[in-house]
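>
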Amino acid sequence: LLEANQVATHVQVAGAAEIVKKAEKSLNDSPNGAPAVGDLCEAVGVSRRTLSRAFEQTVGMGPATYLRRMRLGAARSSILQSNGDGKTISEIAINHGFWHFSRFAEQYREMFGESPSKTKSRYLLGQQSVDGPEPIRGQ
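Okay, so the sequence shown: first residue is 248 according to the numbering used here, each after it adds one.
Next comes the structure, spelled out in structure tokens:
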């Protein structure tokens with residue numbers, strides 16, 4: 248019985264990984280930036296509950312947290328690539344789906360250990376070391 252349970256668990260984890268893989272593909276193929284969790288459910292063909300379980304099992308966080316971390320990582324990349332092109336932090340935040348700027352700054356600081364403006368000014372000053380926590384997996 249224990250062996251059968253182990254096989255069933257392995258199949259569930261493999262299925263969860265496949266769901267997350269499909270969701271990631273959908274994210275990468277999305278022309279309008281990061282979709283909402285409901286959009287991912289529809290694209291992958293699973294319920295919200297199934298998607299949540301798959302993300303929890305595979306990456307250790309729910310899909311909403313995963314999406315936010317991906318958007319924060321993409322915003323950081325945009326900040327680092329702005330190179331004085333005149334784009335403001337607010338414009339970059341909006342482009343990545345963040346409408347509440349103070350919440351964006353707070354979440355950014357929590358994830359990367361510095362404010363978005365500090366990242367931009369440090370990078371523009373030539374201190375191009377941008378090490379930070381892994382933006383997607385783990386916490």
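Every residue, glycine too, gets a C-beta built ideally from N, C-alpha and C.
(1) Would you mind stating whether F348 and A322 have Cβ atoms separated by less than 8 Å?
(2) Taking the alpha helix (DSSP H) that P282 belongs to, which residues open and close that run?
(3) Quick one: residues in its chain with C-beta nearer than 7 Å to the C-beta of S364, no 5 flanking neighbours on either side, listed in chain order?
(4) For the alpha helix (DSSP H) containing M338, list its first residue and its last residue.
(5) Where do the N-terminal and C-terminal ends of the alpha helix (DSSP H) with G320 fall, by residue?
(6) Pick from E361, K367, R296, H343: whose alpha carbon is nearest that of R318?
(7) List the whole-angstrom C-beta distance separating S273 from A290, where the pair is believed to meet the contact cut-off of C-beta under 8 Å.
Quick answer:
(1) no
(2) It is not in any alpha helix (DSSP H) - P282 carries neither H nor E in the DSSP assignment.
(3) I336
(4) In the sequence as displayed, the identity of residue 338 is Glu instead of Met. Note, E338: alpha helix (DSSP H), 336-342.
(5) Start and end: 310-328.
(6) H343
(7) The C-beta separation of S273 from A290 comes to about 4 Å, placing the pair in contact by the 8 Å criterion.
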